[in-house]
Amino acid sequence: MRLPRFVVLALVTFLVDIKAPLTAALSKVLAHSLTDHWRHSPTRRLIRFTPDEERGITVPTDELANLLKKGESADAVFKLMTLDKVGDDLLNSPQLTTWITYMMDYNAMYPKNKQISLISILRKNYPDEDLIRIIETAKKVPSTEGMASNLQLELTQKWLTKGISPGVIFKAMALDKVGDDLLNSPKLTTWITYMKDYNAKYPKNRPISLFSTLMKNYPDDDLVRIMEKARKVSSTKAMAERFQLELVHKWLAEMKTPQDIFTKLRIEDVGNHLFKSPRLELWVKYVDNYNKNSPDKDKVNLMTILKTIYMYNDENMVNLLIEGKKVAATKKLATRVQTYQMSFWLGERKPPSKVFELLKLNEAKDASLLENTFFKAWFQYSFDFRSAQISTLKKYYTDDVIADIIIKAREISGMDDIAQRLHTQQFAYWLASRRSPDALFSQLYLGKTSALFENPRFFLWIDYVSYFSDRSPKLRVDMLTILTVLSQKIGEEKMIRTLMAATHSPVRRTKSTAIELLKAQFKQWLEKNTDPLRVHYLVRGNENPANALVYKQYKIAYTSYFQNRKNRPRNS
Numbered sequence: 001m002r003l004p005r006f007v008v009l010a011l012v013t014f015l016v017d018i019k020a021p022l023t024a025a026l027s028k029v030l031a032h033s034l035t036d037h038w039r040h041s042p043t044r045r046l047i048r049f050t051p052d053e054e055r056g057i058t059v060p061t062d063e064l065a066n067l068l069k070k071g072e073s074a075d076a077v078f079k080l081m082t083l084d085k086v087g088d089d090l091l092n093s094p095q096l097t098t099w100i101t102y103m104m105d106y107n108a109m110y111p112k113n114k115q116i117s118l119i120s121i122l123r124k125n126y127p128d129e130d131l132i133r134i135i136e137t138a139k140k141v142p143s144t145e146g147m148a149s150n151l152q153l154e155l156t157q158k159w160l161t162k163g164i165s166p167g168v169i170f171k172a173m174a175l176d177k178v179g180d181d182l183l184n185s186p187k188l189t190t191w192i193t194y195m196k197d198y199n200a201k202y203p204k205n206r207p208i209s210l211f212s213t214l215m216k217n218y219p220d221d222d223l224v225r226i227m228e229k230a231r232k233v234s235s236t237k238a239m240a241e242r243f244q245l246e247l248v249h250k251w252l253a254e255m256k257t258p259q260d261i262f263t264k265l266r267i268e269d270v271g272n273h274l275f276k277s278p279r280l281e282l283w284v285k286y287v288d289n290y291n292k293n294s295p296d297k298d299k300v301n302l303m304t305i306l307k308t309i310y311m312y313n314d315e316n317m318v319n320l321l322i323e324g325k326k327v328a329a330t331k332k333l334a335t336r337v338q339t340y341q342m343s344f345w346l347g348e349r350k351p352p353s354k355v356f357e358l359l360k361l362n363e364a365k366d367a368s369l370l371e372n373t374f375f376k377a378w379f380q381y382s383f384d385f386r387s388a389q390i391s392t393l394k395k396y397y398t399d400d401v402i403a404d405i406i407i408k409a410r411e412i413s414g415m416d417d418i419a420q421r422l423h424t425q426q427f428a429y430w431l432a433s434r435r436s437p438d439a440l441f442s443q444l445y446l447g448k449t450s451a452l453f454e455n456p457r458f459f460l461w462i463d464y465v466s467y468f469s470d471r472s473p474k475l476r477v478d479m480l481t482i483l484t485v486l487s488q489k490i491g492e493e494k495m496i497r498t499l500m501a502a503t504h505s506p507v508r509r510t511k512s513t514a515i516e517l518l519k520a521q522f523k524q525w526l527e528k529n530t531d532p533l534r535v536h537y538l539v540r541g542n543e544n545p546a547n548a549l550v551y552k553q554y555k556i557a558y559t560s561y562f563q564n565r566k567n568r569p570r571n572s
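Here the sequence shown is numbered in full-length UniProt numbering, starting from 1 and rising by one per residue.
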């Protein structure tokens, strides 16, 4: 004997509305049985069943009107239409739209009854895990995105009201199963919002953080992979780097040694492609923090570990550093490892000249040495070694090249200190080796230049002349000495023409030096009683007005000088 339909509906309503002491499992079994009974009742002719239950059963409008008139609850009709079986695509079901209309009509017709909402019915019929999937599926469809967002907001508000921990919601949203793409998951964004709202609503509870939740749900190996993936995406890079630092602090709190972390990260698997491993940076960061928090006796030089594991010799390591510094993405990391390498060599008391060769700096044959990315590091190494850098440079370079290195270092931003140190050391070396201005002029090949005052070496030589004079009282030199050297090296005529041209230079030092030398030359000419006609020839007085003016000035000075000498008393 089959139960009449009104009996079935009454029983379904009973199951949904009363708070009878039935277990959840028993309620589910009974509800399923009653729905199945309804499908096989004589009223089945009023309902058209679809071939599957993915969209729910279509109930004719007149039948729904009858059910509404008889006061059938929205929950009972929800099950009748098998909307509790549709699953992930529920919000896109036409039958759900029909049911929502029924629910609204029911609330309007029976205002004294408990008002029904879509979210309350969904939560009765789907566990939160399934409901989250339903919402996420609907958010991908433009036509249901708005409804899904509203349901999501209602759902999170109900969680907050009940004080459900973000940790529970993390699992309900299956975020513990996402894996490597976790930080790029839209669901995680939703969860983070809930976490913040929860912390704000329950300030007396221990605050929940994303990282602490990740640690509870993912082992370290998985966390490392998640962060590696997230660092490749600009929108999550900063978050990933922040989490890396938190992971470092976690390991420090666990008293992990750098060797432990090296093994955990499996960096040894990369072999000769050390700087291609994104995990190396995380390990170096850990070593940095480990050393910062350890007494000197416990500090670790990561080169000790790398050399032990990879059996690297100095040449291998330098080759790896060279390759690492060529790539923009690994340059910063390679520079950090380079610092440890220098410290390692310093501990071994490896001579700066040997390090110079290991870094292949000696392969540069001129001032291009300064362009080598290792040069600054080597310079600092020599300083820490208490060794004058110039003593190494003069093993590989002649005086003229060293002069060019000093000159170029002055022009490069950030190398002022290097230029000054090399300048001081080189001048001291030249003086100690009794290098005269005359000899240095030749060694700098200044006699072979066609534009002396345009050659930076010339002004370096001028500086040395002054340096030499100040420190050699018995061999004191002045502008006349410079003129003598210039005259001997390039000839008087070429020297005068060079001076004349340099007085018109737009470069301040060039012009001022030329004028000072020309004044000294005038004085020398006067003292030697040089005929004005000779000077006219030397300065090419008829070549242009400027030269003519120089000649005229000399002639006036010459006349005045000898007139004064003629009128001077003999006993004066």
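Glycine is no exception: its CB is placed at the ideal position from the N, C-alpha and C atoms.
Only a predicted model underlies this, so the values are computations on that prediction, with no experimental measurement involved.
For this session: Locate the alpha helix (DSSP H) running through Lys187, then write down its first and last residues.
Result: Run containing Lys187: Pro186 to Lys201, per the alpha helix (DSSP H) assignment.
Problem set entry | Simplified DSSP assignment, three categories, for Thr481 | The three-state reading of DSSP puts Thr481 in helix, counting H, G and I together.
Problem set entry | Status (buried if at least 16 other CB within 10 Å, exposed otherwise) for Pro258 | Around the Cβ of Pro258, a 10 Å sphere holds 16 or more other Cβ atoms; the residue is buried.
For this session: Report, in whole angstroms, the separation of the C-beta atoms of Ile412 and Leu370, which I expect to be a contact under 8 Å.
Result: Correct: roughly 6 Å between the Cβ atoms.
Exercise. Do we get a CB-CB distance below 8 Å when we pair Val318 with the residues of chain C?
Worked result: This model lacks chain C altogether, as it is built from one protein chain only.
Exercise. How about Leu446 and Phe459: do their beta carbons lie closer than 8 Å?
Worked result: No, Cβ-Cβ distance for Leu446 and Phe459 is not below 8 Å.
For this session: Quick one: which unbroken alpha helix (DSSP H) runs of 4-plus residues sit fully inside the region 472-549? Chain order, please.
Result: Scanning the region 472-549 from its first residue to its last, the whole alpha helix (DSSP H) runs of 4-plus residues come out as 479-490, 492-502, 508-527 and 532-538.
Exercise. With contact counted as at least three CB pairs below 8 Å, one residue from each stretch, are the region 216-228 and the region 172-186 in contact?
Worked result: Touching, yes, given that three or more Cβ pairs across the two stretches are closer than 8 Å.
Problem set entry | Straight-line Cα distance separating Ala230 from Leu183 | Spanning the two alpha carbons is a distance of roughly 6 Å.
Exercise. From Lys85 to Leu131, what distance separates their C-alpha atoms?
Worked result: Between the alpha carbons of Lys85 and Leu131 lies a gap of roughly 12 Å.
For this session: With a threshold of 16 other CB atoms inside 10 Å of the CB of His273, please say whether the residue is buried or exposed.
Result: Flag for His273 reads exposed.
For this session: Buried or exposed for residue 629, please, with buried defined as at least 16 other CB atoms from any protein chain shown within 10 angstroms of its CB.
Result: One cannot answer for residue 629 here, as it falls past the ends of the chain, which runs 1 to 572.
Exercise. Among the residues of its own chain, which have a CB less than 8 Å from the CB of Leu96, if the five just before and after it don't count?
Worked result: Hits under 8 Å: Gly56, Leu83, Val86 and Leu90.
Exercise. What's the gap between the Cα of Ser472 and the Cα of Leu440?
Worked result: For Ser472 and Leu440, the gap between their C-alpha atoms comes out near 16 Å.
Exercise. Skipping 5 residues on each side, what residues in its chain have a beta carbon closer than 7 Å to that of Leu22?
Worked result: Below a pLDDT of 50, predicted positions are generally treated as unreliable, and Leu22, at 29, falls in that range; the measurement from the model is reported next regardless. Excluding positions up to five away in sequence, the list is empty.
Problem set entry | Three-way DSSP call (helix, strand, coil) for Thr304 in this model | In the displayed model, Thr304 falls within a helix according to three-state DSSP.
For this session: Could you please give the first and the last residue of the uninterrupted alpha helix (DSSP H) stretch that includes Asp84?
Result: For Asp84, there is no enclosing alpha helix (DSSP H), as DSSP gives it neither H nor E.
Exercise. What whole-angstrom Cβ distance do Leu163 and Tyr202 have, given they're in contact under 8 Å?
Worked result: Correcting the residue identity first, residue 163 is Gly in this sequence and not Leu. Confirmed, about 6 Å.
Exercise. Along the chain, which unbroken stretches of the alpha helix (DSSP H) at least 4 residues long are found entirely within the region 216-294?
Worked result: Runs of the alpha helix (DSSP H) inside the region 216-294: 220-231, 234-253, 258-265 and 278-292.
For this session: Report yes if the CB atom of Met215 is closer than 8 Å to the CB atom of Lys250, and no otherwise.
Result: In this structure, the beta-carbon distance from Met215 to Lys250 falls below 8 Å.
For this session: Take the Cβ of Gly324 as the centre, count every other Cβ of all protein chains shown within 10 Å, and call the residue buried at 16 or more, exposed below.
Result: That one is buried.
For this session: Closer than 8 Å by C-beta to Leu333: which residues in its own chain qualify, once you throw out the five before and the five after it? Chain order, please.
Result: Taken in chain order, the residues that qualify are Phe275, Leu280, Glu281, Val284 and Gly324.
Exercise. In or out: Thr35 buried (at least 16 other Cβ within 10 Å) or exposed?
Worked result: Note that Thr35 has pLDDT 41, beneath the 50 cutoff, so the model's placement of it is unreliable and the number below is only indicative. Residue environment analysis places Thr35 among the buried positions, since at least 16 neighbouring C-beta atoms fall within 10 angstroms of its C-beta.
Exercise. For Thr58, which three-state DSSP category applies?
Worked result: Looking at Thr58 - three-state DSSP - the assignment turns out to be strand.
For this session: Go through its chain and collect everything with a Cβ distance to Ile515's Cβ below 7 Å, but skip five positions before and after it.
Result: So the qualifying residues of the chain are Thr503.
Problem set entry | Alpha-carbon spacing of Ser353 relative to Leu361, whole angstroms | Whole-angstrom Cα-Cα distance: 10 Å.
For this session: Give the C-beta separation of Met500 and Ser487 to the nearest angstrom, bearing in mind that I take them to be a contact with Cβ-Cβ under 8 Å.
Result: Rounded to the nearest angstrom, the Cβ distance from Met500 to Ser487 is 15 Å, too far for a contact under 8 Å.
Exercise. Is DSSP giving Leu214 helix, strand or coil here?
Worked result: Helix at Leu214.
For this session: Compare the beta carbon distance of Lys158 and Ala148 with 8 Å and say whether it is the shorter of the two.
Result: Contact: no.
Exercise. Using the rule of at least 16 other Cβ atoms within 10 Å of the residue's Cβ for burial, across every protein chain shown, is Glu543 buried or exposed?
Worked result: Glu543 counts as exposed, since fewer than 16 other C-beta atoms from the protein chains shown sit within 10 angstroms of its C-beta.
For this session: Starting from Met415, trace the alpha helix (DSSP H) both ways and give me its first and last residue.
Result: Run containing Met415: none; DSSP gives neither H nor E here.
Problem set entry | Close-in-space but distant-in-sequence residues of the same chain around His536 (CB under 7 Å, 5 per side omitted) | These residues qualify, in order along the chain: Tyr551.
For this session: Figure out for me which residue from Leu321, Phe383, Lys448 and Ile407 has the closest Cα to the Cα of Thr373.
Result: Nearest of Leu321, Phe383, Lys448 and Ile407 to Thr373, Cα basis: Leu321.
Problem set entry | C-alpha gap between residue 600 and Glu154, whole angstroms | This structure gives no information on residue 600, because the portion of the chain shown stretches from 1 to 572.
Problem set entry | Span separating the alpha-carbon of Trp525 from that of Asn547 | Rounded to whole angstroms, Trp525 and Asn547 show a C-alpha spacing of 17 Å.
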